[in-house]
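Residue numbers (this note's numbering): 67 to 436. Glycine is no exception: its CB is placed at the ideal position from the N, C-alpha and C atoms.
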């Protein structure tokens with residue numbers, strides 16, 4: 067099926083929300099890797115020279131012996147089955163259904179148009195659009211309203227946008243979507259057999275495949291628990307730290323990065339920044355400036371706290387840690403080699419990010435897990 071649609075295809079449009087299909091378990095704290103391409107370095111700071119004096123701007127709070135509670139995550143048989151089913155669905159055969167109505171899990175090809183007070187609103191239409199029912203791609207009620215609809219049938223969906231929706235024109239508003247179901251596509255999963263496993267995975271049997279997936283999910287759970295612990299500990303440190311002021315160099319860096327990020331998406335969709343803000347984010351340029359300022363202050367505070375801990379504890383990178391970090395970074399970023407990584411970042415930037423990671427590891431080790 068083709069996808070010819072209006073603004074619905076874009077993340078965070080007036081009637082599309084984030085889906086939750088196979089959400090990624092491992093969540094990096096905002097400053098890790100996201101800051102890799104933004105590092106600045108002329109206070110001497112253990113392998114790194116800073117362009118500001120940390121002690122002039124913050125009074126570091128307690129960062130040792132912080133008590134935290136971390137939820138224990140267990141892998142269930144259902145987790146394993148869901149994981150395998152998802153990846154098998156990527157290779158599933160698609161069969162067009164003509165003798166029944168749509169049900170959850172089907173992919174429906176639709177044409178639709180949204181109306182508010184009998185007037186079509188901008189970005190509210192799409193044609194020949196493939197939508198999986200149950201994917202939580204559209205606002206509440208849209209996908210549910212297509213369950214039971216047959217191919218060729220047109221229905222009116224009376225829906226209401228969430229009160230907290232970002233678009234001022236649409237939040238809390240009653241609208242009608244006129245939707246035509248052009249076709250219903252059902253995914254037919256292959257049978258999970260030893261033969262299938264041999265042909266499509268690195269395992270020889272179904273039993274070995276399931277055990278391998280279980281071990282992978284257990285590792286992901288360990289990473290998520292670790293990250294959760296770091297998040298909670300660092301949040302406590304931030305709350306206990308007194309921020310007196312923010313270095314201009316950090317505010318400028320992070321504020322620019324936020325605005326440039328939004329500008330990137332505007333350019334990607336061939337729009338002027340102000341137009342993109344209004345249609346996709348429901349905000350003005352002034353609001354973006356305010357948001358970017360808040361973002362910059364938050365990120366600057368985090369960076370200064372990490373730098374203060376690095377200085378106080380005299381944290382340094384060994385050659386072994388640096389080499390291992392470089393290899394991990396280019397692998398995580400999907401690059402082929404160290405040489406390719408350094409086409410985008412400098413050695414100082416990599417060392418800075420690795421030191422931040424080491425500081426996170428340190429505070430986690432010092433914490434008391436209840």
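Distance, residue 317 Cα to residue 199 Cα: Straight-line Cα distance between these residues: approximately 43 Å.
Backbone CA spacing between residue 174 and residue 205 [nearest angstrom]: 16 Å
Measure from the alpha carbon of residue 370 to the alpha carbon of each residue in 202, 162, 282, 425, then state which is nearest. Cα-wise, what sits closest to residue 370 is 425.
If we count Cβ pairs, one from each stretch, closer than 8 Å, do we get three or more for the region 157 to 177 versus the region 335 to 342? no
What number of angstroms, rounded off, separates the C-alpha of residue 345 from the C-alpha of residue 252? 34 Å
On the DSSP bridge assignment, give the partners of residue 134 in chain order. 435
Short of 8 Å in beta carbon distance, which residues of its chain neighbour residue 287, apart from the five on each side in sequence? Order them along the chain. 91, 139, 140, 141
Exposed unless 16 or more other CB atoms sit within 10 angstroms - verdict on residue 343: buried
Three-pair Cβ contact test at 8 Å for the region 377 to 392 versus the region 113 to 128: Per the Cβ contact rule, the region 377 to 392 is in contact with the region 113 to 128 (3 or more Cβ pairs under 8 Å).
What residues in its chain sit with their C-beta under 6 Å from that of residue 432, if we drop five residues either side in the sequence? Around residue 432: 130.
Excluding five sequence neighbours on each side, which residues of the same chain lie with their C-beta closer than 6 Å to the C-beta of residue 358? 321, 324, 325
Indicate, with yes or no, if the ligand ADP has a heavy atom lying under 6 Å from the CB of residue 366. This structure lacks the ligand ADP; in fact it carries no ligand of any kind.
Excluding the 5 residues preceding and the 5 following residue 280 in the sequence, name in chain order all residues of the same chain whose CB lies nearer than 7 Å to its CB. Cβ neighbours of residue 280 within its own chain (closer than 7 Å, five residues either side excluded): 141, 146.
What separation, rounded to the nearest whole angstrom, lies between the Cα atoms of residue 164 and residue 249? 8 Å
Kindly identify the DSSP beta-bridge partner or partners of residue 119. The partner list for residue 119 (beta bridge, DSSP) is empty, contrary to what the question assumes.
For residue 420, count neighbouring Cβ atoms within 10 angstroms of its own Cβ and tell me buried if that reaches 16, exposed if not. buried
Closest residue to residue 347 among 299, 201, 236, 428 (Cα-Cα distance): Out of 299, 201, 236, 428, the CA that lies nearest to the CA of residue 347 is found in 236.
Unbroken alpha helix (DSSP H) run spanning residue 391, endpoints: Note, residue 391: alpha helix (DSSP H), 385 to 398.
Within the continuous alpha helix (DSSP H) that includes residue 407, where are the two ends? 404 to 407
Is it buried or exposed for residue 259, if we count other Cβ within 10 angstroms and need 16 for buried? exposed
DSSP state of residue 184, grouped into three classes? Three-state result, residue 184: coil.
Among all the DSSP beta bridges, which residues are the ones paired with residue 169? The partner list for residue 169 (beta bridge, DSSP) is empty, contrary to what the question assumes.
How is residue 301 classed by DSSP in three states: helix, strand or coil? helix
Supposed close pair residue 272, residue 159 - CB separation, criterion 8 Å: The C-beta separation of residue 272 from residue 159 comes to about 20 Å, leaving the pair out of contact by the 8 Å criterion.
Rank 247, 349, 405 by C-alpha distance to the C-alpha of residue 234 and give the top, closest one. 349
Taking the alpha carbon of residue 176 as the point to measure from, which residue in 192, 261, 409 has its own alpha carbon closest? 192
Assuming contact is defined by CB atoms lying nearer than 7 Å, are residue 215 and residue 247 in contact in what I supplied? yes
I'd like the list of long-range same chain contacts for residue 209, defined as Cβ closer than 6 Å, with 5 residues on each side in sequence excluded. Take residue 209, set aside five residues on each side of it, and the residues of its chain with a beta-carbon closer than 6 Å to its own are 199, in chain order.
Output needed for residue 362: all residues of its chain with C-beta closer than 6 Å, excluding positions within five of it in sequence on either side, in chain order. Same-chain partners within the cutoff: 317, 320, 321.
Per DSSP, what kind of secondary structure is residue 237 in: helix, strand or coil? coil
From the DSSP output, which residues share a beta bridge with residue 253? 160
Let me check understanding here. Comparing Cα to Cα, which of 434, 231, 423 lies closest to residue 372? 423
Just to confirm, is the Cβ distance from residue 264 to residue 179 under 7 Å? no
With residue 199 as the anchor, note down where its alpha helix (DSSP H) starts and where it stops. Unbroken run through residue 199: none, as it is neither H nor E.
For residue 333, is the classification buried or exposed, using 16 other Cβ atoms within 10 angstroms of its Cβ as the cut-off for buried? exposed
Using 10 angstroms around the beta-carbon of residue 111, count the other beta-carbons present and answer buried if the total reaches 16, otherwise exposed. Residue placement at residue 111 is poorly supported in this model, since its pLDDT is 48, which falls under 50; the coordinates still yield a value, given next. Counting Cβ neighbours within 10 Å, residue 111 comes out buried, since at least 16 surround it.
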